[in-house]
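Numbered by the working numbering, the letters in the sequence shown go through residues 855 to 1193 in order.
Just so it is clear, CB atoms sit at the ideal spot from N, CA and C, and this is done for glycine as well.
Note that the structure is predicted; figures quoted are calculated from it, not measured.
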Amino acid sequence: MISYYRHQEGPPFLKSEQEHHFEKLQFFYPTLRQGLYQYFKDESYRSILLPDYCPQGLFDPFKRLGYDIYFYHVDLSLSLNKEELAETIERTKPDIFVYIHYFGLYMKHNVALLKELLPESTLFIEDFAHTLPTSTTVYTGDLCLFSFTKSLGVAQGALLWFNNEKYLKASPYTPPTKQAEKLSARLRFHTRLEHLFSTQVPSDLLQRILLKVTRPWSDFYTWLHSNYPACTTRVDDASTHALNHLDFDEITAARKKIVERYLNKIPKSQKFTCPRNAFLKQSLIGFPVVVDNQKVFHAELLSLGTQGFYLNKRWWFKDEAGGSELLNRHYLLPVGHYL
């Protein structure tokens, strides 16, 4: 089985010498929503403009904090409509604007458009959760977000990176609590389970059985969603050590090789209509293709020995109208640096 599940980090990407110093950074939390909640809970901003295709981990902290939440549309091409976006910004006048690099694709023209349209007074959040920071990463937002557990075989690790230092402040870390330790234990168990699935349990049926049986220990998401505002401890030592010793440039290069194979082989009719360089600028969480039915496509792919995924659960909060084409027609093929 060719799987999207995360492989525990080790050689050749995990180095003996330290590459980074995450322990010295502010707002380095086990999950991204913890960092967002802790940063914005004491700020005076009141409104935010989010893309309509948006994850719960980005939406929920601002909902809990009582923000006025507005949405702008992102279609299946991932290209922003200048006139439509300009009208939305003018109408909502948001204190905060969020742009997501979906699946890790870098749409250069979108970033240029935002630099043109966003007022200087608006806090620009650039969401890199689906990719990794490298020596060639282009940072444009005032605040840049990373969620390392999306791509890497580590149990914890998300970062608010202050590209504009005027927004930097000290993070309100607290000593470990019972709630924080419970979250940490579930995250560790879930990561070990994913490694098992990626290396020793190729059967989708057996994976689903194991997930069901181990749910009391591996289902971190439900518990996280209910408790994350009270969990304010740093990333655990094991995850910090791994992230400090990982070579992000080598990981990105390995993942790009797989992306290039997809680009060269997949029919044009199923590719996203994005420039080729958008796929190769950064690490991708998965290679996006366009499908008619995500569930049917997933089953057919499994029968051929390939296990991809799609992100449509807890990714739509604009209304109850069924979502967008981007929500309902994308599918992500495996892109892992250990494949």
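DSSP, reduced to helix, strand and coil, places Ala1012 within a strand of the structure shown. The beta carbon of Gln910 is closer than 6 Å to those of Arg1168 in its chain, skipping five residues each way along the sequence. Taken atom to atom, the span from the alpha-carbon of Thr946 to that of Leu903 is near 8 Å.
In the three-state DSSP reduction, Leu1100 falls in the strand class (E or B). Leu919 places its beta carbon 9 Å or farther from that of Ile943.
The Cβ-Cβ distance between Gly1159 and Pro1188 does not fall below 9 Å. Burial is judged here by how many other beta carbons sit within 10 angstroms of a residue's own beta carbon; Ile1105 has at least 16 and is buried. The residues Phe1102, Asp1103 and Thr1106, in chain order, have a CB closer than 7 Å to that of Thr988 in the same chain once the five nearest residues on each side in sequence are set aside.
Only residues of its own chain outside the window of five on either side were considered, and among them Phe867, Ile1105, Ala1108 and Arg1109 have a CB closer than 7 Å to the CB of His1191, listed in chain order. Note: Thr991 is not bridge-paired with any residue in the DSSP secondary-structure output. For Pro905, there is no enclosing alpha helix (DSSP H); the enclosing beta strand (DSSP E) covers residues Ser901 to Pro905. According to DSSP, residue pairing for Pro1188 in a beta bridge involves Gly1140.
The region 1029–1047 makes contact with the region 1083–1094: 3 or more CB pairs, one atom from each, lie closer than 8 Å. Contact check between the region 881–888 and the region 1075–1084: three or more CB pairs, one atom from each, fall below 8 Å, which counts as touching.
According to the DSSP assignment, Phe1043 belongs to the alpha helix (DSSP H) that extends over Lys1032 to Thr1053. In the structure shown, Leu999 adopts extended strand secondary structure according to DSSP, grouped into three states.
Between Leu977 and Leu879, the gap from beta carbon to beta carbon reaches 9 Å or more. Collapsing the DSSP output to three states places Ser857 in a strand.
One alpha carbon belongs to Glu1179, the other to Asp929, and they sit about 7 Å apart. With a threshold of 16 other beta carbon atoms within 10 Å, Ala1175 falls short and is exposed. For Ile923, there is no enclosing alpha helix (DSSP H); the residue is part of the beta strand (DSSP E) that begins and ends at Asp922 to Tyr926. By the Cβ-count criterion, Lys917 is exposed, with fewer than 16 other Cβ atoms from all chains shown falling within 10 Å of its own Cβ.
Under DSSP, Leu868 shares a beta bridge with Leu1100.
In the DSSP annotation of this structure, Val1145 is not part of any beta strand (DSSP E), being labelled neither H nor E. Cβ neighbours of Ala1096 within its own chain (closer than 7 Å, five residues either side excluded): Glu863, Leu868 and Val1008. Looking at the backbone, the Cα of Lys1066 and that of Ser1157 are separated by about 22 Å. The straight-line gap separating the alpha-carbon atoms of Leu1165 and Gln1148 is approximately 10 Å.
If you draw a straight line from the Cα of Glu1154 to the Cα of His1049, it is about 24 Å long.
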